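Residue numbers (the numbering used here), protein chains in the order written: chain F, 783 to 895; chain Y, 5 to 122. Read the structure below first, then the notes.
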Amino acid sequence: NFMLTQPHSVSESPGKTVTISCTGSSGSITSYYVQWYQQRPGSAPTTVIYEDNQRPSGVPDRFSGSIDSSSNSASLTISGLKTEDEADYYCQSYDSSNQEGYVFGTGTKVTVL
Amino acid sequence: EVQLVQSEAEVKKPGESLKISCKSSGYSFTSYWIAWVRQMPGKGLECMGIIYPGDSHTRYSPSFQGQVTISADKSISTAYLQWSSLKASDTAMYYCARHYSGSWFDYWGQGTLVTVSS
């Protein structure tokens with residue numbers, strides 16, 4: 783089955799930069815768009831990046847997304863960390879090979895120290 | 005303003021049936037796919053399936069095929085997720101989400117917590 787693997791957790795101080803990876807288990811990560819969702823405790827997910835590197839209206843430009851085809855991975859970078867960025871982050875893409883459909887990554891807990 | 009409003013939390017016993025809802029407003033309900041996403045306690049997000057209310061075409065993720073039924077009533081702009089016989093392992097938060105342009109889930113409901121316990 784197609785999987786998107788993320789680090790379990792990352793932590794950094796306010797004002798610093800963190801990067802979260804999302805690695806595809808098979809196929810090419812460039813075949814379908816990658817999205818990133820933020821989920822604060824007790825809340826529904828919200829989109830911070832869509833279509834690899836696009837930010838929805840209202841999402842600060844401290845959030846950016848990229849794709850690295852050589853490592854078959856996507857990345858979410860959060861610069862100028864703020865305490866409000868502390869949340870779980872999930873990548874998401876699509877798998878057409880085994881009818882898995884829309885697949886979410888394993889999730890990463892970001893802690894702002 | 006686009007809104008997806010889900011039904012309230014439910015507490016059920018194993019073997020009981022359940023249907024939860026997701027009412028959409030602020031856009032053309034029949035023009036966008038709606039997905040159901042499960043989040044078990046302390047775990048990640050899983051897409052269960054997706055429906056196109058315009059023609060009720062539905063696709064299920066393999067893990068959920070035969071376990072749940074997704075439907076929609078376009079006359080009241082509402083999507084549904086139902087179980088015929090709940091199990092304790094169905095205990096989870098369930099979200100509906102609108103799917104935009106073949107790529108991302110742009111609007112989410114607030115979630116419905118389903119607790120199955122004897």
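We treat Cβ as the ideally placed atom computed from N, Cα and C, and that holds for glycine. Predicted model, so just to flag it, every value in this text is computed and none were measured.
Ranked by Cα distance from residue 885 of chain F, the first of F:811, F:800, F:864 and F:870 is F:811. Here residue 877 of chain F carries a strand assignment [DSSP, helix/strand/coil].
Inclusion of residue 860 of chain F and residue 792 of chain F in the CB contact set at 7 Å is not warranted, their separation being larger than that value. Here residue 845 of chain F carries a strand assignment [DSSP, helix/strand/coil]. Residue 20 of chain Y carries a coil assignment under DSSP once its states are collapsed to helix, strand and coil. Against chain F, the beta carbon of residue 39 of chain Y has neighbours under 8 Å at 884, listed in chain order. In its chain, beyond the 5 residues on either side, 805 and 888 have a beta carbon closer than 6 Å to the beta carbon of residue 787 of chain F.
With fewer than 16 other Cβ atoms from the protein chains shown falling within 10 Å of its own Cβ, residue 29 of chain Y counts as exposed.
Just measuring C-alpha positions, the residue of Y:85, Y:80 and Y:76 sitting nearest residue 69 of chain Y is Y:85. Per the coordinates, the alpha-carbon of residue 826 of chain F lies some 15 Å from the alpha-carbon of residue 12 of chain Y. Annotated three-state conformation of residue 94 of chain Y is helix, per DSSP. Contact between the stretch 867 to 881 of chain F and the stretch 74 to 85 of chain Y is absent, with fewer than three C-beta pairs closer than 8 Å. Here residue 820 of chain F is buried. Its C-beta has 16 or more other C-beta atoms within 10 Å. Not one beta carbon of chain F lies nearer than 7 Å to the beta carbon of residue 85 of chain Y.
In this structure, DSSP gives residue 886 of chain F an extended state, which the three-state scheme calls strand. Residue 56 of chain Y and residue 37 of chain Y do touch by the CB rule: their CB atoms are close to 5 Å apart, below 8 Å. Using a CB distance cut-off of 7 Å, residue 28 of chain Y does not count as an interface residue toward chain F. Note on geometry: alpha-carbon atoms of residue 27 of chain Y and residue 81 of chain Y lie some 6 Å from one another. With a cutoff of 7 Å on beta-carbon distance, residue 95 of chain Y and residue 119 of chain Y are scored as near each other. For residue 827 of chain F, the nearest CB of chain Y lies under 7 Å from its own CB, placing it at the interface with that chain.
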